[in-house]
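Engineer: First, the structure itself, so that you have it in front of you.
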Amino acid sequence: MEQNAVRNEIFTNGATCLRADFHLHTIKDNEFNKIIENPNDFFNQYIQRLKEEEINIGLITNHNKFDKEEFANLYKKALKEEVWLVPGVELSVNDGANGIHCLIAYDKKSWINDGEDYINQFLTAAFEGIANRENENTRCNYDLNTVLKKLNDHRNAGRDSFIILAHVDQNSGFFDALNGGRIQGFAENDLFRSFVLGFQKVRTFEKLDTYKHWFGGKLPAFVEGSDCKSIAEVGKAHTQNGEEKKTYIKIGDFNFEALKFALTAHEDRVSVIPKNISNSYIKSIAFEGGKLDGIRLDLSAELNSFIGIRGSGKSTILEILRYALGIPLSNVAVDSKYKNDLISYMLGSGGKTIITLFAKNGREYRVEKIYDQKANIFENDILQPNIAVSAIFETPVYFGQKDLSNKDADFESDLMQRLIGTKLKDIENKIAEQQKQIEYQLVEINKHRNLKEQKEETQKTIDTCNYRLKIYKEKGVEDKLKQQTQFDSDITTANRLNETIKSYLDELFSLIENYEFYFGQEIKSSEFNRDAFIEMQELKNKLNAEFQKLKEVHSASFLLLNQLFDKLTGLLSKKEDLKEEFGRIKRELNNDTINPDDFLALNRQLEMAKLRLNEINKAEKKRTELKDELLRKLTILENLWLDKYRIIENEVKKINDSANKLTIEIGYKSRRDKFQDKLKQIFRGTNIRESSYERIISEYNDFIEIYKDDLKLRNILNDTQFSEFMKRFVENLTDLLTYKVSNKIVISYNGKPLENHSLGQRASALILFLLAQKETDVLIIDQPEDDLDNQTIYDEVIRELKKLKGNMQFIFATHNANIPVLGDSEKVIACSFDEKQIHIQSGNVDCYDSQRSIVHIMEGGEVAFNRRKTIYGIWNI
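When we follow this note's numbering, the leftmost residue of the sequence shown carries the number 8, and every step to the right adds one.
Here's what the structure looks like:
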């Protein structure tokens, strides 16, 4: 129970690096200085020193002696302080010129449990007939070979142990005591290699190549120990050339097997400094409501393996994690509807997901998302409004079940987008903004459409009016009605003046209304940039003063508009006063062939037509300017597309330069098949032949080129086809001018394009490709091994994965034991589902419970596992 309590705290986020001391003496050792003041306070002082030195793992190794009672007291007190002590002894072995000191670590649960003390039984036998055995230089009866055989006998009886050779290149050390021939003999001894898991206090590094040669390149772990002779020296690191020598062990549980495995796998588990986590990572995920209610999962910053039988819920948790982080399903995702329905079913109405993130800026954030609502982000329990997860945490690369084996034609492009999407965000925003500007430009151009027809119609009206008025002029009617004609013309001009000024003031009022609130707001800033923002606020206040003048201009102008309206009213009133005089003139002129009202109407129609013609001429000029501006905006868009390609090209170069088995070939706007598909979609039913489509895509790179120059198109299509083509082209102009012909992306594995590989080879290549992306912080894959063979997983995937730990977080749902076991998973989460709720058992590969889950779930149970183990042993591979 004590051990589990500690495990729940120190190993919350899985296996972690802890400082270890493999050579600790206590007050029971003859060489240890006695405590004069408060001798009964030894245990507290000893544990306090270990804590001060940040030691969590210690091997107690008194000279040729083990005190069971002392160890029991130390062990219990230490464990409460998250310090785990291992029973051991520093045994003086009767070998070499001056003896060899061996630090033997014993498995507590089998050597000193149930009232037994096999450690002292071992020591009694070793020193039979020898007095004063507690002296550090008193040698036992056994040479090193005998010690190994005796320990092996105990191992066969269920009592495991291992050896750390003490101060190996100093007095009574392994390299100091023996010559090269004997050392090579031990290096080839299976028992030696099985038991000797470490060399303590290696200092002659100039001899390292020699040591490696003797051991065939496979040396045990190099570890450190304080070899303390007083309380002050407990846990104190030795120094060499001013550098403190320390040992850190990566471990996931305080048990003997875990420590033994860590030393065996020392390339990955033993280091001289604590392992630095450089990537951002998902620290935990918790659930409230739904079928996951009350579950909290603490994750490692390194490898996390979700295991369970099919239908156990592991894939569900990954899908909910994706959903809560706002990662959309890609266009090529498999079973999108099923995955979305699954999230709804598991969370239910009101179900909440709470994710804790550790960002690269060193800050911790909490993301809370209620199903079907916007996520809320907190820092130090303070809501950060109006920000997305992507603003604080780089979006993880996510692949759902079967996504890796998807043979969709756009998979490669989608893959690149997932991997480098964050680097494309700025350029994609610029592209989107430019496309909006082009859409707006086309709307403005469309406002000035059909000008040619309008101009021709208006000119015809003018010519007709002039012809008919010529008859009236010949009969002298023009002179007699001149005053009324001019009056009508003046009123028309006055009306237009009033309408134009009113339109101007309406737009000015709208502008003021849109920015009134903005200019009234204070600028807020952080304390860090307060001085700069004070100056900015002062400038904004000056702008606000100018804005207030604009309001005054509007008010004054509105008064002037009223005065203009009064003048127009006066003209209309004056015309009304002259109505009787105009009537008299018309009566004098009225006859069967001449109607004065028709003459006046023709003059009014002529004046309106002239004004309309003037507007059309202005509109033609404006349309020309708008079309020129459209061409400029299209050029900017094309350059932005090219800039985006350059970014992708640069990332591809990094990948190709990484000496990976994967290579990527890209081509700008090279997906001619996509261009042709778009053509056929838009121009279906225009009787254009297949050969004509092929000629179009060979002559043009995209629709912008067609818009700029249709001459080559005229040579490809006949008159009828061309006319229909251009009609459709204009109808779909916005869509076509903002359409980007896709870049061609070909990913090859071992020199052959992925599409030509089997599903297994394809999936293998893509996982290696994903692992090659050194700048990715979090990689989430649901069952990556579904189409892989075990050999590929072990030879390539696991090897790369282990290299990247500390630089990338992996979250996998898997059925393959190779991933959590050979991948040395820092966190193992076993899932099961009973139709009501998903159940979780959380640990790591060092935990007994997790080991049982792996054997039961992934190996078919203990019987099947042991049966295979027996068969493999018979095969003698």
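Even glycine gets a Cβ: it sits at the ideal position worked out from N, Cα and C.
(1) Tell me whether residue 26 sits in a helix, a strand or coil according to DSSP, three-state version.
(2) Taking only the alpha-carbon atoms, compute the straight-line gap between residue 149 and residue 133 and give it to the nearest angstrom.
(3) Can you tell me where the alpha helix (DSSP H) with residue 293 in it begins and where it stops?
(4) Would the region 287-303 and the region 108-120 be scored as touching if the rule is three or more Cβ pairs under 8 Å?
(5) Using the beta-carbon count (16 or more within 10 Å), is residue 535 buried or exposed?
(6) By the three-class DSSP mapping on this structure, what secondary structure does residue 529 have?
(7) Only counting the same chain, and skipping five residues up and downstream in sequence, which positions put a Cβ closer than 7 Å to that of residue 343?
(8) Please return the same chain residues whose Cβ sits closer than 6 Å to the Cβ of residue 817, not counting the five positions on each side in sequence.
(9) Residue 845 and residue 323: beta carbons closer than 8 Å?
(10) Going by DSSP, what residues sit across from residue 404 in a beta bridge?
(11) By the 10 Å Cβ neighbour count, where 16 or more other Cβ atoms means buried, how is residue 518 classified, buried or exposed?
(12) Report the three-state DSSP secondary structure of residue 472 (helix, strand or coil).
(13) For residue 332, which of 316, 31, 360, 464 has the nearest alpha-carbon?
(14) Express the C-alpha separation of residue 376 and residue 895 in angstroms, rounding to a whole number.
(15) Any contact of the region 20-40 with the region 48-64, i.e. 3+ C-beta pairs under 8 Å?
(16) If you draw a straight line from the C-alpha of residue 801 to the C-alpha of residue 67, how long is it?
(17) For the region 743-758 against the region 667-685, do three or more pairs of beta-carbon atoms, one drawn from each stretch, fall closer than 8 Å, so that the two count as touching?
(18) How far does the alpha helix (DSSP H) with residue 329 in it reach, from first residue to last?
(19) Looking at the ligand MG, does it come within less than 7 Å of residue 231, judged from the CB to the closest heavy atom?
(20) How about residue 821 and residue 790: do their beta carbons lie closer than 8 Å?
(21) Taking 8 Å as the cut-off, decide whether the C-beta atoms of residue 2 and residue 647 are in contact.
(22) Count the other C-beta atoms from every protein chain shown that fall within 10 angstroms of the C-beta of residue 30, then say buried if there are 16 or more, exposed otherwise.
(23) When DSSP builds the beta bridges, which residues end up paired with residue 364?
(24) From what residue to what residue does the alpha helix (DSSP H) around residue 265 run?
(25) Do residue 861 and residue 289 count as a contact pair if the criterion is CB distance below 8 Å?
(26) For a minimum of 4 consecutive residues, which ranges assigned as the alpha helix (DSSP H) are wholly contained in the region 89-166?
(27) Could you tell me the alpha carbon to alpha carbon distance between residue 357 and residue 564, rounded to whole angstroms?
(28) Taking only three categories from DSSP, how would you classify residue 10?
(29) Residue 623 to residue 629, Cα distance in whole Å?
(30) Look up residue 192 in the DSSP assignment and say whether it is helix, strand or coil.
(31) In the DSSP assignment, find the unbroken alpha helix (DSSP H) run with residue 428 in it and report its ends.
(32) Take the Cβ of residue 447 as the centre, count every other Cβ of all protein chains shown within 10 Å, and call the residue buried at 16 or more, exposed below.
(33) Any contact between the region 105-114 and the region 175-191? By contact I mean 3 or more CB pairs, one from each, below 8 Å.
(34) State the start and end residues of the unbroken alpha helix (DSSP H) segment that holds residue 55.
(35) Please report the Cβ distance between residue 95 and residue 81, rounded to the nearest whole angstrom; I am assuming they are in contact, meaning their Cβ atoms lie under 8 Å.
(36) Once DSSP output is grouped into helix, strand and coil, what is the label at residue 80?
Structural biologist: Answer, in terms of the structure:
(1) strand
(2) 6 Å
(3) Residue 293 -> not in any alpha helix (DSSP H); beta strand (DSSP E) instead, spanning 288-295.
(4) no
(5) exposed
(6) coil
(7) 336
(8) 310, 786
(9) yes
(10) 786
(11) exposed
(12) helix
(13) 360
(14) Here the chain covers residues 8 to 884 and nothing more, so residue 895 does not appear.
(15) yes
(16) 37 Å
(17) yes
(18) 321-331
(19) This structure simply doesn't include the ligand MG, nor any ligand for that matter.
(20) yes
(21) Since the first residue of the chain shown is 8 and the last is 884, residue 2 is not available in this structure.
(22) buried
(23) 289, 372
(24) 263-271
(25) no
(26) 115-118, 125-133, 151-163
(27) 56 Å
(28) Residue placement at residue 10 cannot be trusted, given a pLDDT of 46 that sits under 50; what the coordinates show is reported in the next sentence. Note: residue 10 maps to helix in three-state DSSP.
(29) 9 Å
(30) helix
(31) 418-453
(32) exposed
(33) yes
(34) 49-59
(35) At roughly 12 Å, the Cβ-Cβ gap does not stay under 8 Å, so residue 95 and residue 81 are not in contact.
(36) helix
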